[in-house]
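One structure is given here, and the rest of the page talks about it.
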Amino acid sequence: MGFASRLPALLGIRYPIVQGGMSWASSCAALALAVSRAGALGVIAAGPMRPDDLIAAIRAVSAGTDRPFALNIPLYNKRAAEFLDIAEAERVPVIIASQGGPKAHLPRFRAYGAKWLHVVASPAHAAKAEAAGVDGLIVVGGDAGGHPAPDEVSAMVMVRAVVRAVDIPVIGAGGVADGAGIAAMFALGAEGAQLGTRFLMTEEASVHPAYKESVLRAGIADTTLVGRGGLPVRQLRNRFTAEVDAAERAGQDREALAALIMSRSLKDAALDGDVDWGKVEAGQTAGLIDDILPAETLVHRLVAEAEAVRLRLAGGVA
2 MGFASRLPAL
12 LGIRYPIVQG
22 GMSWASSCAA
32 LALAVSRAGA
42 LGVIAAGPMR
52 PDDLIAAIRA
62 VSAGTDRPFA
72 LNIPLYNKRA
82 AEFLDIAEAE
92 RVPVIIASQG
102 GPKAHLPRFR
112 AYGAKWLHVV
122 ASPAHAAKAE
132 AAGVDGLIVV
142 GGDAGGHPAP
152 DEVSAMVMVR
162 AVVRAVDIPV
172 IGAGGVADGA
182 GIAAMFALGA
192 EGAQLGTRFL
202 MTEEASVHPA
212 YKESVLRAGI
222 ADTTLVGRGG
232 LPVRQLRNRF
242 TAEVDAAERA
252 GQDREALAAL
262 IMSRSLKDAA
272 LDGDVDWGKV
282 EAGQTAGLID
292 DILPAETLVH
302 RLVAEAEAVR
312 LRLAGGVA
């Protein structure tokens with residue numbers, strides 16, 4: 002890719018493309034390994050994993066490639082301290098952390114040369130993470146799947162605002178499904194792009210086939226935010242989201258709504274295949290995806306698409 006970026010040298014990757022860390026979908030070795038082998042940054046999502054399974058996945062990726070990969074750790078997770086200990090012991094080359102302060106954790110990872118990318122969803126949090134000493138930022142807009150920006154500001158605006166606020170490399174996330182989206186992030190001043198839903202729709206992503214089929218059928222307007230006012234989740238509309246919408250319209254109090262929202266989980270959909278009542282987390286880009294590919298094939302296609310856009314914008318031949 003001909004876009005200028007500090008990320009390949011910083012992280013040791015070939016392409017400034019990051020596979021989003023997605024609970025269940027990338028809580029395994031297969032997806033991260035395929036993505037890293039292809040030259041992008043593969044990411045294992047620690048969130049729902051048992052310690053032994055996490056260690057096994059890290060070792061499988063380490064054994065399968067000499068290229069860097071990352072471990073995604075939500076710092077609010079009750080097992081975050083254990084995940085961090087495992088990451089240090091296994092010498093994971095890149096840490097991606099979210100929803101917590103990075104400063105206290107950085108020294109021990111710096112000691113063996115790991116890089117730390119921090120996930121943020123506001124310019125203020127980006128500036129704090131930069132001041133703490135992180136190596137780069139993943140900036141998530143409101144169009145992303147899973148836990149997007151609570152204030153629902155789109156990636157188009159959020160990424161640009163953060164780029165203007167910091168000097169370290171920024172990776173844009175949310176609303177990116179192809180090479181045109183990657184090029185758009187560079188146009189905003191980012192130096193890379195993270196794709197979640199697009200990598201969810203790969204052969205290696207470890208979610209139930211019914212989950213992938215639901216995303217494949219979805220249009221660009223078929224997602225919604227559940228849990229506004231708290232830690233919202235963007236997911237496909239289904240019977241569960243309709244029940245939540247009805248409860249909100251009926252004026253249920255905050256406690257009752259919170260209990261209803263917590264009564265269903267991502268696991269219901271991703272592991273058990275209950276796409277009617279589970280949380281089928283996906284970004285608005287679901288409506289731009291119409292195939293399921295091997296992850297390596299996807300990486301190569303993304304690179305070719307992004308380069309074609311760059312050449313077209315430069316007045317060359319795509």
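Numbering (the numbering used here), first residue to last: 2 to 319.
Glycine included, every Cβ here is placed at the ideal spot set by N, Cα and C.
On a predicted model such as this, the values are computed, not experimentally measured, just so you know.
> Secondary structure at V300, three-state DSSP: helix, strand or coil?
Replying inline: helix
>> For a quick check, are the C-beta atoms of Y212 and A162 less than 8 Å apart?
In response: no
>> So if DSSP puts E89 in a beta bridge, which residue, or which two residues, is it bridged to?
In response: In DSSP, E89 forms no bridge with anything.
>> Taking the alpha carbon of A35 as the reference point, which residue from G101, T225, S207 has its own alpha carbon closest?
In response: S207
> What does W117 pair with, by DSSP beta-bridge criteria?
Replying inline: I96
> For M157 versus V140, is the C-beta distance shorter than 8 Å?
Replying inline: Their beta carbons are not under 8 Å apart, which means M157 does not touch V140 by this criterion.
> Would you call D254 buried or exposed, if buried means 16 or more other Cβ atoms sit within 10 Å of its Cβ?
Replying inline: exposed
>> Contact defined as beta carbons within less than 8 Å: I believe G193 pairs with I18. What is the distance between those atoms, to the nearest angstrom?
In response: 7 Å
>> Please classify E131 as buried or exposed, where buried requires at least 16 neighbouring CB atoms within 10 angstroms.
In response: Buried.
> Touching or not, the region 271 to 288 and the region 229 to 240, by the rule of three or more beta carbon pairs under 8 Å?
Replying inline: yes
> For L34 and chain D, any beta-carbon pair shorter than 8 Å?
Replying inline: No chain D appears in this structure, which consists of one protein chain only.
>> Just verifying my parser: in three-state terms, what is the DSSP assignment at F70?
In response: strand
> If you draw a straight line from the C-alpha of R302 to the C-alpha of P108, how long is it?
Replying inline: Looking at the two C-alpha atoms, the distance is approximately 38 Å.
>> For L76 and G101, what's the separation of their Cα atoms in angstroms?
In response: 5 Å
> By Cβ distance below 7 Å, which residues in the same chain neighbour Q285 in space, the five residues on each side in sequence not counted?
Replying inline: D144, G176, I221, T224
>> Taking the alpha carbon of D273 as the reference point, which residue from W25, R7, P9, A5 has its own alpha carbon closest?
In response: Nearest to D273 by alpha-carbon distance, out of W25, R7, P9, A5, is W25.
>> Here's the rule: buried if 16 or more other CB atoms are within 10 angstroms of the residue's CB, otherwise exposed. What is P210?
In response: exposed
> Alpha carbon to alpha carbon, what distance is there between K116 and F110?
Replying inline: 7 Å
> Is the distance from the Cβ of G48 to the Cβ of S28 below 8 Å?
Replying inline: yes
> The beta strand (DSSP E) spanning A194 covers which residue range?
Replying inline: DSSP places A194 inside the beta strand (DSSP E), whose first and last residues are 193 to 196.
> Measuring CB to CB, does G1 end up less than 8 Å from E308?
Replying inline: For residue 1 there is no data in the structure shown, the boundaries of the chain being 2 and 319.
>> Can you tell me whether I45 is helix, strand or coil according to DSSP?
In response: strand
> R265: buried (16+ other C-beta within 10 angstroms of its C-beta) or exposed?
Replying inline: buried
> What first and last residue would you give for the alpha helix (DSSP H) that runs through A184?
Replying inline: 180 to 188
>> Given a cut-off of 8 Å on the beta-carbon distance, is the pair G114 and L11 in contact?
In response: no
> Are there three or more Cβ pairs, one per stretch, closer than 8 Å when the region 180 to 198 is compared with the region 242 to 261?
Replying inline: no
>> I need the straight-line Cα distance from P69 to L312, nearest angstrom please.
In response: C-alpha separation (whole angstroms): 28 Å.
>> If I follow the unbroken alpha helix (DSSP H) through R238, where does it start and stop?
In response: That residue, R238, is in no alpha helix (DSSP H); it is neither H nor E in DSSP.
>> On a Cα-Cα basis, can you pick out the residue from L196, D54, G288 that is closest to L217?
In response: G288
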